[in-house]
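Using this note's numbering, read the sequence shown as starting at 2 and increasing by one per residue.
Virtual Cβ for every residue (Gly too), placed ideally from N, Cα, C.
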Amino acid sequence: MIRYALRCADDHRFESWFGSSADFDRLVSAGLVSCAVCGSPEVQKDLMAPSLAGSGTEAPDTAPRLSAPLSPAEQAMAELRRRIEARSEDVGRDFAAEARRIHEGSSPDRPIIGEARPSEARALIEDGIPVAPLPWSSRKAN
């Protein structure tokens, strides 16, 4: 794993982990990397100091903490997530089927969140079923 300092076209700075340098290049080329603050797909590596283990002269940790929102945009995104998750039913991987049942009237109308494969989401949109991607993942991954 490799951690990169990244910067978007609007000069927002953030960090992310990638399996390798080649993985980063492949994901950026495919348009799958976006700014953590504004969502811009124009992301590039930023200058960063190398991390040297065991030097004995570690500098104080001045890197931004990803666990706590720092900017007003990050704080607004965290609040939006809390509100959506509090008011929606998480149907997990059954999202596409449940969205279709709600649209057809065979399930009660309510806000739902969950996961769908790109092909499932595309089919929902093509069938006129209103869905939208959320700018975060519901997966609990380490």
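The DSSP-derived three-state label of Leu135 is coil. Under the Cβ criterion (8 Å, minimum of three pairs), the region 76-96 does not count as touching the region 41-48.
By the CB criterion at 8 Å, Leu135 and Ala97 fall outside the cutoff. The three-state reading of DSSP puts Glu43 in coil, since its state is none of H, G, I, E or B.
Straight through space, the alpha carbons of Glu105 and Pro119 are spaced by roughly 21 Å.
Annotation for Ala6: Glu16, Asp47 and Met49 place their beta carbon closer than 6 Å to its own, counting only its chain and skipping 5 residues before and after. In the same chain as Ile114, and ignoring 5 residues on each side of it, the C-beta atoms closer than 8 Å to its own belong to Ile85, Glu86, Ser89, Glu90, Asp91, Val92, Phe96, Leu135 and Ser139, in chain order.
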